[in-house]
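> Heads up: the sequence shown at position 476 corresponds to 475 in numbering that gives the first Met the number 0, and the numbers run straight through without jumps.
Note that beta-carbon positions come from the ideal geometry of N, C-alpha and C, so glycine has one too.
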Amino acid sequence: MRLRALLDTPTLGLRLLGGEDELDRTVRGVMTTDLRDPSRYLSGGELVLTGLAWRRAPEDSERFVRILATAGVAGLAAGEAELGLVPDDLVAACLQHRLPLFSVVEDVSFASITEHVVRQVSSERAGDLAAVVDRHRRLMTSGPTGGGPEVVLDLLGSDLDLRAWVLSPTGRQIAGSTLAGTGPELSTELAARLAGEHLAAARSGRRGPHRVTLEGGGAQRLDEGRRSGDGPGGTFSLFPIRHEGRDLRQTLLSDWLLAVEADAGDWPAERLDLLHGVTQLIAVERDRRDAARTVRRRLAQEVLELVQTGAPPAEIAARLRVAAPVLLPGLGTAPHWQIVVARVEWEDGDMPGGQVAQSLLEEVLVDPGTFGPEPSDRIAVAHTGDEAVALVPLPVPDEPGDSSASGLHADALLSVVREPLSRGLADDGRLTVGVSASVHSAEGLRGALEEARHARRVAAARPGRVCAAGHEELASHVLLLPFVPDDVRRAFTARLLDPLRDYDRRHRAELIPTLEAFLDCDGSWTRCAGRLHLHVNTLRYRVGRIEQLTGRDLSRLEDKLDFFLALRMS
Numbered sequence: 000m001r002l003r004a005l006l007d008t009p010t011l012g013l014r015l016l017g018g019e020d021e022l023d024r025t026v027r028g029v030m031t032t033d034l035r036d037p038s039r040y041l042s043g044g045e046l047v048l049t050g051l052a053w054r055r056a057p058e059d060s061e062r063f064v065r066i067l068a069t070a071g072v073a074g075l076a077a078g079e080a081e082l083g084l085v086p087d088d089l090v091a092a093c094l095q096h097r098l099p100l101f102s103v104v105e106d107v108s109f110a111s112i113t114e115h116v117v118r119q120v121s122s123e124r125a126g127d128l129a130a131v132v133d134r135h136r137r138l139m140t141s142g143p144t145g146g147g148p149e150v151v152l153d154l155l156g157s158d159l160d161l162r163a164w165v166l167s168p169t170g171r172q173i174a175g176s177t178l179a180g181t182g183p184e185l186s187t188e189l190a191a192r193l194a195g196e197h198l199a200a201a202r203s204g205r206r207g208p209h210r211v212t213l214e215g216g217g218a219q220r221l222d223e224g225r226r227s228g229d230g231p232g233g234t235f236s237l238f239p240i241r242h243e244g245r246d247l248r249q250t251l252l253s254d255w256l257l258a259v260e261a262d263a264g265d266w267p268a269e270r271l272d273l274l275h276g277v278t279q280l281i282a283v284e285r286d287r288r289d290a291a292r293t294v295r296r297r298l299a300q301e302v303l304e305l306v307q308t309g310a311p312p313a314e315i316a317a318r319l320r321v322a323a324p325v326l327l328p329g330l331g332t333a334p335h336w337q338i339v340v341a342r343v344e345w346e347d348g349d350m351p352g353g354q355v356a357q358s359l360l361e362e363v364l365v366d367p368g369t370f371g372p373e374p375s376d377r378i379a380v381a382h383t384g385d386e387a388v389a390l391v392p393l394p395v396p397d398e399p400g401d402s403s404a405s406g407l408h409a410d411a412l413l414s415v416v417r418e419p420l421s422r423g424l425a426d427d428g429r430l431t432v433g434v435s436a437s438v439h440s441a442e443g444l445r446g447a448l449e450e451a452r453h454a455r456r457v458a459a460a461r462p463g464r465v466c467a468a469g470h471e472e473l474a475s476h477v478l479l480l481p482f483v484p485d486d487v488r489r490a491f492t493a494r495l496l497d498p499l500r501d502y503d504r505r506h507r508a509e510l511i512p513t514l515e516a517f518l519d520c521d522g523s524w525t526r527c528a529g530r531l532h533l534h535v536n537t538l539r540y541r542v543g544r545i546e547q548l549t550g551r552d553l554s555r556l557e558d559k560l561d562f563f564l565a566l567r568m569s
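(1) Check each candidate in R171, T549, H197 and I281 and name the one with the smallest Cα separation from S186.
(2) Smallest Cα separation from E19: which of V355, R35, L2 and T31?
(3) Classify V132 as helix, strand or coil using the three-state DSSP reduction.
(4) Please classify E346 as buried or exposed, where buried requires at least 16 other C-beta atoms within 10 Å of its C-beta.
(5) If you follow the beta strand (DSSP E) that S102 is in, where does it begin and where does it stop?
(6) Am I right that T234 and L257 are in contact with their C-beta atoms under 8 angstroms? What's the rounded C-beta distance?
(7) With R422 and L198 assumed to form a contact (beta carbons below 8 angstroms), what rounded beta-carbon distance in angstroms separates them?
(8) Looking at G175 and P419, is the spacing between their C-beta atoms short of 8 angstroms?
(9) Grab me the residues of E515's own chain with a C-beta within less than 7 angstroms of its C-beta, minus the 5 sequence neighbours each way, in chain order.
(10) Return the CA-CA distance between L538 and M350, expressed in angstroms with no decimal places.
(11) In whole angstroms, give me the CA-to-CA distance for L551 and D519.
(12) Run through the region 268-317 for me and flag every whole alpha helix (DSSP H) of 4 or more residues, listed as ranges in chain order.
(13) Can you look up H439 in the DSSP assignment and give me helix, strand or coil?
(14) Do A323 and V302 have their C-beta atoms closer together than 8 angstroms?
(15) Run through the DSSP bridge pairs and tell me what Q337 is partnered with.
(16) For V90 and V117, what's the separation of their Cα atoms in angstroms?
(17) Between the region 377-392 and the region 334-343, do three or more beta carbon pairs fall short of 8 angstroms?
(18) Between I240 and A191, which are expected to be in contact by the criterion C-beta below 8 angstroms, what is the C-beta distance as a whole number of angstroms?
(19) Quick check: the Cα distance between V365 and D410, rounded to an integer number of angstroms?
(20) Taking buried to mean at least 16 other C-beta atoms within 10 Å of its own C-beta, is H574 buried or exposed?
(21) Can you give, in chain order, each stretch of the alpha helix (DSSP H) that sits fully within the region 147-178 and has at least 4 residues?
(22) Quick one: using the 10 Å Cβ neighbour count with 16 as the cut-off for buried, is V535 buried or exposed?
(23) What does DSSP give as the partner residues of F238 in its beta bridges?
(24) Let me know the secondary structure DSSP gives G195 once reduced to three states.
(25) So, helix, strand or coil for R541, using DSSP?
(26) If you draw a straight line from the C-alpha of R62 to the C-alpha of A316, how long is it?
(27) So the candidates are H275, D153 and E21; which of them puts its Cα closest to the Cα of R39?
(28) Please classify R555 as buried or exposed, where buried requires at least 16 neighbouring CB atoms within 10 angstroms.
(29) So for R505, helix, strand or coil by DSSP?
(30) Return the CA-CA distance between C527 and R461, expressed in angstroms with no decimal places.
(31) Rounded to whole angstroms, what is the Cα-Cα separation between R456 and I378?
(32) Which value, in whole angstroms, describes the spacing of the CA atoms of E361 and R285?
(33) Where does E557 land, buried or exposed, given buried means 16+ other C-beta within 10 angstroms?
(34) Quick one: what does DSSP say T525 is sitting in, helix, strand or coil?
(35) How long is the line joining the alpha carbons of V434 and T308, rounded to whole angstroms?
(36) Who pairs with M30 in a beta bridge, going by DSSP?
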């Protein structure tokens, strides 16, 4: 439909304030927003409806209109219900950017305009989009039946027979259909794989939806106890739910995605448009839940600043007492605390990674098998520069030795999410994570922060796009090895091991495996010979050859230690 047609419908209560020469623009959708920057939800051609809550000063109007014009929206309609007449500065900004501007009388609701537009956009999809609008109103409510992403997923299941899930960038299931008989679950492994495929496709520059065919189908269907698509494979279409108009690296690792069990390559344009509209509705909910984390992020930032500036423990303890009820509502006693530090670095170094690391920590610190967004409400994450710091509360164990509050372990933290995140970081990004031990008082937080940062530096010295290290590794001599300069490492290992490697290549003597086994057996001839299935005399001959080639004596502790370190650094 054309913008001009809106003025021909008196019941809509629209009055043209500017842009008469642009009324032949085509309207392809409608969006209601009071965000200061709604660009992430705009794809072009929308009629934007706003109550002007974003306007705090006259200069805000030009910025808001410039964002809309850059996104290619068809027009702007401002409501008169809250502020009365549309302010002159908004009229002037729309004239400057050639954006048609309407006012909406106070007795006409935005929902009425929305329903009229979507019913007129295409008669072929009018019924489907009217259902979307109906569920959109439910989606935006906050009551106990208000719903969320599940509402629009129910629509896809009931009206279009499409099974769909909302996934986090690590593959954790945020939402699925709640309709009886269609409540599908994705396995943790499959969801992580779909997330990885989506991240890889997006980083390659391909536009969504991304189509993925997996061998053996995919989703467990609860009502039938079988895998849909058993046999040749299952096809999924992955739709991004993202911040538009920003550097992809800033948003890709924090945005949700919509996974639909269908091949969108065969769909008509109308159905693709409908699914794009669904992602926009879910994006609004994503933004609302992200905004709800503001309090927890502020608490983390305040505690972090107190810890880093050396504030008295009593002052830090007071902030922790404020944080505990917010993060663990109903908890009777103050919890233990653990600190996790993450750093995202891009090879070109032109963009700080702290905000990306913050979003990743808020996701990674949640059990990947947990359903929904609520578990992340018990984590407070602050960020600065390239670093993010998470304050993780741990309930005090009911009984001594109770492992339920033992805390996070670095070796398990990234086990499920490493593959999708590695694909999202591609060839130019890196995530490193350090985990502290748990502490039970404010006095221990400063040490825990330094411990987590030091563990992260250990992780950073390891190969791979996604690495983590924990406090338990800081008590080992291995901690020293990553900080030896590369040229020193190469010279040291070459001096000790190259003669043995050369000999092994020429004679197939297996001196290196023999040396490793000998040191692992603490120099015990009998145990080492048994492990290698050798006669003790053969073992003595090999050790003698090692000593002859290197000029070292394996009966001396110093030489044993040198060989041990050389093997670890090689």
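A quick look at the data gives this:
(1) The residue given as residue 186 occupies position 187 in the sequence shown. Closest by alpha carbon: R171.
(2) In the sequence shown, the residue the question calls residue 19 occupies position 20. Comparing Cα positions, the closest option is L2.
(3) The sequence position of residue 132 within the sequence shown is 133, counting from 1. Below a pLDDT of 50, predicted positions are generally treated as unreliable, and V132, at 45, falls in that range; the measurement from the model is reported next regardless. Reduced to three states, the DSSP call for V132 is helix.
(4) Locating residue 346 in the sequence shown gives position 347, counting from the first residue. With fewer than 16 neighbouring CB atoms inside 10 Å of its own CB, E346 falls in the exposed class.
(5) Position 103 of the sequence shown holds residue 102. Note, S102: beta strand (DSSP E), L100 to V103.
(6) Here residue 234 refers to the residue found at position 235 of the sequence shown. Here residue 257 refers to the residue found at position 258 of the sequence shown. Between L257 and T234 the Cβ distance is about 15 angstroms, and since that is not below 8 angstroms, they are no contact.
(7) For the purposes of this step, residue 422 is taken as the residue at position 423 of the sequence shown. For the purposes of this step, residue 198 is taken as the residue at position 199 of the sequence shown. Correct: roughly 5 angstroms between the Cβ atoms.
(8) Here residue 419 refers to the residue found at position 420 of the sequence shown. Here residue 175 refers to the residue found at position 176 of the sequence shown. No. Outside cutoff.
(9) For the purposes of this step, residue 515 is taken as residue 516 along the sequence shown, with counting starting at 1. So the list reads L566, once near-sequence residues are dropped.
(10) As a position in the sequence shown, residue 538 is number 539, starting the count at 1. As a position in the sequence shown, residue 350 is number 351, starting the count at 1. So the two alpha carbons sit approximately 56 angstroms from each other.
(11) For the purposes of this step, residue 551 is taken as residue 552 along the sequence shown, with counting starting at 1. For the purposes of this step, residue 519 is taken as residue 520 along the sequence shown, with counting starting at 1. Here the sequence assigns Arg to residue 551, which means Leu is not the residue at that position. Taking the straight line joining both Cα atoms gives about 18 angstroms.
(12) If only uninterrupted alpha helix (DSSP H) runs of at least 4 residues are considered, those enclosed by the region 268-317 are 268-291 and 293-307.
(13) If you number the sequence shown from 1, residue 439 lands on position 440. For H439, the three-state secondary structure derived from DSSP is coil.
(14) Start at 1 with the first residue of the sequence shown, and residue 323 comes out as number 324. Start at 1 with the first residue of the sequence shown, and residue 302 comes out as number 303. In this structure, V302 does not lie closer than 8 angstroms to A323 by Cβ.
(15) Locating residue 337 in the sequence shown gives position 338, where the first residue counts as 1. In the DSSP output, where bridge partners are listed per residue, Q337 has V391.
(16) Locating residue 90 in the sequence shown gives position 91, counting from the first residue. Locating residue 117 in the sequence shown gives position 118, counting from the first residue. V90 and V117 have their alpha carbons spaced roughly 26 angstroms apart.
(17) Yes, the region 377-392 is in contact with the region 334-343.
(18) Along the sequence shown, one-based indexing puts residue 240 at 241. Along the sequence shown, one-based indexing puts residue 191 at 192. Actually they do not touch by this definition, with Cβ atoms about 17 angstroms apart.
(19) Reading the sequence shown from its first residue, position 366 is the one you call residue 365. Reading the sequence shown from its first residue, position 411 is the one you call residue 410. A direct Cα-to-Cα measurement between V365 and D410 gives close to 15 angstroms.
(20) Given a span of 0 to 569 for the chain in the structure shown, any question on residue 574 remains unanswerable.
(21) Residue ranges of uninterrupted alpha helix (DSSP H) with 4 or more members, entirely inside the region 147-178 and ordered along the chain, are 148-159.
(22) What you label residue 535 is simply residue 536 of the sequence shown in a count that begins at 1. With fewer than 16 Cβ atoms within 10 Å of its Cβ, V535 is classed as exposed.
(23) Counted from its first residue, the sequence shown places residue 238 at position 239. F238 is bridged by DSSP to L257.
(24) Looking up residue 195 in the sequence shown gives position 196. Correct three-state label for G195: helix.
(25) The residue given as residue 541 occupies position 542 in the sequence shown. R541: helix per DSSP, three-state reduction.
(26) One-based indexing of the sequence shown puts residue 62 at position 63. One-based indexing of the sequence shown puts residue 316 at position 317. Rounded to whole angstroms, the gap between the alpha carbons of R62 and A316 is 42 angstroms.
(27) As a working mapping, residue 39 is identified with position 40 in the sequence shown. Minimum Cα distance to R39 is reached at H275.
(28) Taking the first residue of the sequence shown as position 1, residue 555 is located at position 556. Here R555 is exposed: its Cβ has fewer than 16 other Cβ atoms, across all protein chains shown, within 10 Å.
(29) Reading the sequence shown from its first residue, position 506 is the one you call residue 505. In this structure, DSSP gives R505 a helical state, which the three-state scheme calls helix.
(30) Start at 1 with the first residue of the sequence shown, and residue 527 comes out as number 528. Start at 1 with the first residue of the sequence shown, and residue 461 comes out as number 462. Near 30 angstroms, if we compare the C-alpha coordinates of R461 and C527.
(31) For this step, residue 456 is matched to residue 457 along the sequence shown. For this step, residue 378 is matched to residue 379 along the sequence shown. Near 23 angstroms, if we compare the C-alpha coordinates of I378 and R456.
(32) For the purposes of this step, residue 361 is taken as residue 362 along the sequence shown, with counting starting at 1. For the purposes of this step, residue 285 is taken as residue 286 along the sequence shown, with counting starting at 1. E361 and R285: Cα-Cα distance of roughly 14 angstroms.
(33) Position 558 of the sequence shown holds residue 557. Sixteen is the threshold: since fewer than 16 other Cβ atoms of the shown chains lie within 10 Å of the Cβ of E557, the residue is exposed.
(34) Locating residue 525 in the sequence shown gives position 526, where the first residue counts as 1. Looking at T525 - three-state DSSP - the assignment turns out to be helix.
(35) Translated into positions along the sequence shown, residue 434 becomes position 435. Translated into positions along the sequence shown, residue 308 becomes position 309. One alpha carbon belongs to V434, the other to T308, and they sit about 21 angstroms apart.
(36) As a working note, residue 30 is residue 31 in the sequence shown. Per the DSSP secondary-structure output, M30 pairs in a beta bridge with V47.
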